[in-house]
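Chemist: The sequence shown begins at 93 in the working numbering and counts up one residue at a time.
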Amino acid sequence: MKILITGGTGYLGGRIIQYLHNFGNNEIIIGSRFPIKNTLPRGLKSVQTIWSSTEELMAICSGVEIIIHLAGINASDSSNDPEMALEINGYVTGRLLAAAVRMGVKRFIYFSTAHVYGGPLQGTITEKSLTTSSHPYATSHRVGEDLVMASNMRNEIEGIVIRLSNSFGAPLTKGANCWMLLANDLCRQIAISGEMELSSSGLQRRDFITMTDVCRSIEHLLKLPIQSGNDNLFNVGGDWSTSIWEFACLIQELSKKVVGFGPKLKRVEPDLSDKTEDFKYSIAKLQQTGFTLVNNREEELLNLIKGCQIFFSKKI
């Protein structure tokens with residue numbers, strides 16, 4: 093298959109490209125706003141995504157069978173510039189989607205976020221749960237979602253929307269924009285200071301998914317027989333709801349295997365109002381299509397701890 097992956101130089105994009113390149117017989121094209129100067133491995137090509145040009149977008153879609161659209165701005169940048177969030181996460185998606193339809197692309201996979209459900213998340217969250225978040229990161233992704241689903245319902249393209257929970261794992265490069273993510277940040281702290289510190293009590297629950305399982309979900313959705321017009325919206329998570337404190341304690345324990353000690357772990361002490369709510373991020377809909385998780389949590393965290401030691405430790 094000829095696959096275009098936008099945002100291919102980012103955290104998710106890098107891991108997905110590596111996975112599909114190593115384990116699939118695919119022709120992969122990396123889409124990036126900036127020219128990629130490094131020599132790419134055999135079988136990989138790159139194109140510059142000029143989002144303001146319809147003609148350029150149609151050109152990069154030519155001959156492509158599947159687009160995986162990852163390009164976007166993160167939650168922090170979305171909060172600082174809501175208009176830019178709407179432009180990049182929403183309208184840019186619409187421009188690429190229109191070009192894909194005109195050029196006969198078969199399938200369009202759009203990465204959205206579990207943040208659309210609001211927060212803090214409680215109870216069981218399914219694809220039918222209300223999307224209540226007013227944060228620009230979530231609302232801009234909802235625009236992108238609606239555009240993809242509308243094109244799908246018009247039978248123009250096989251549109252798939254992924255609402256991703258909290259992924260974790262080692263990036264391919266130090267420069268990946270991923271160090272604000274919980275696990276990545278904690279492992280980075282260990283490499284820099286030998287300690288970890290949470291900015292909260294850590295009692296809130298989140299769903300966590302390994303980057304390996306994120307990549308496997310994409311491989312699954314590339315091959316999944318679907319039809320345009322169907323409801324192709326999927327929660328993608330690790331089926332693992334744990335508190336932030338418990339997750340940090342797991343990293344603390346696994347660090348002993350890498351750095352030889354359990355780093356000191358600090359947090360804001362819980363008060364009487366803090367409590368851990370029941371929470372499940374349901375991926376039953378995706379599992380019903382035949383998808384299974386490998387849940388390689390310890391392996392992914394060990395590789396992340398090791399990677400941070402290489403990237404950030406002054407001792408290496």
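Think of the CB as a built atom: it goes at the ideal place given N, C-alpha and C, for glycine as much as any other residue. For clarity, every value in this text was computed on a predicted model and none was experimentally measured.
1. If we count the other Cβ atoms within 10 Å of its Cβ and call it buried at 16 or more, is residue 147 buried or exposed?
2. Kindly list the residues whose CB is nearer than 6 Å to the CB of residue 108, restricted to its own chain and excluding five residues on each side of it in sequence; keep chain order.
3. Spatial neighbours of residue 243 within its chain, please: C-beta separation below 7 Å, excluding the five flanking residues on both sides.
4. Apply the 10 Å Cβ neighbour rule to residue 370 and answer buried if 16 or more other Cβ atoms are within range, or exposed otherwise.
5. In the DSSP assignment, the beta strand (DSSP E) including residue 327 goes from what residue to what residue?
6. Under 8 Å, do residue 253 and residue 204 count as touching if we go by C-beta distance?
7. Report the CB separation of residue 157 from residue 198 in whole angstroms; it is logged as a contact under 8 Å.
8. Who are residue 260's beta bridge partners in DSSP?
9. Residue 304 to residue 111, Cα distance in whole Å?
10. Closest to residue 295 by CA distance: which of 341, 349, 406, 164 is it?
11. Ignoring anything shorter than 3 residues or poking outside the stretch 220–270, list the beta strand (DSSP E) runs there in chain order.
12. Which residue comes first and which comes last in the alpha helix (DSSP H) that contains residue 111?
13. Determine, using beta-carbon pairs with one atom in the stretch 212–232 and one in the stretch 343–362, whether at least three such pairs fall under 8 Å.
14. Can you check DSSP and say which residues form a bridge with residue 372?
15. In chain order, what residues of the same chain lie with their CB nearer than 6 Å to the CB of residue 212, ignoring the 5 residues before and after it?
16. For residue 146, which of helix, strand or coil comes out of DSSP?
17. Count the other CB atoms, across all protein chains shown, that sit within 10 Å of the CB of residue 222; report buried if there are 16 or more and exposed otherwise.
Modeler: This is what the structure gives:
1. Exposed: under 16 other Cβ atoms inside 10 Å.
2. In its chain, beyond the 5 residues on either side, 307, 310 have a beta carbon closer than 6 Å to the beta carbon of residue 108.
3. Apart from the 5 residues on each side of it in sequence, residue 243 sits with its Cβ closer than 7 Å to the Cβ of 189, 193, 249, 251 in its chain, given in chain order.
4. The residue in question, residue 370, is exposed, as its Cβ has fewer than 16 Cβ neighbours within 10 Å.
5. For residue 327, the enclosing beta strand (DSSP E) covers residues 325–328.
6. Yes, the Cβ-Cβ distance between residue 253 and residue 204 is below 8 Å.
7. Confirmed, about 5 Å.
8. The partner list for residue 260 (beta bridge, DSSP) reads 302.
9. The alpha-carbon of residue 304 is positioned some 8 Å away from that of residue 111.
10. Minimum Cα distance to residue 295 is reached at 341.
11. Residue ranges of uninterrupted beta strand (DSSP E) with 3 or more members, entirely inside the stretch 220–270 and ordered along the chain, are 250–256, 258–260.
12. Element bounds for residue 111: 103–115.
13. Judged by Cβ distances under 8 Å, the stretch 212–232 makes no contact with the stretch 343–362, as fewer than three pairs qualify.
14. Paired residue(s): 216.
15. So the list reads 296, once near-sequence residues are dropped.
16. Secondary structure at residue 146: helix, using DSSP grouped into helix, strand and coil.
17. Per the 10 Å Cβ criterion, exposed.
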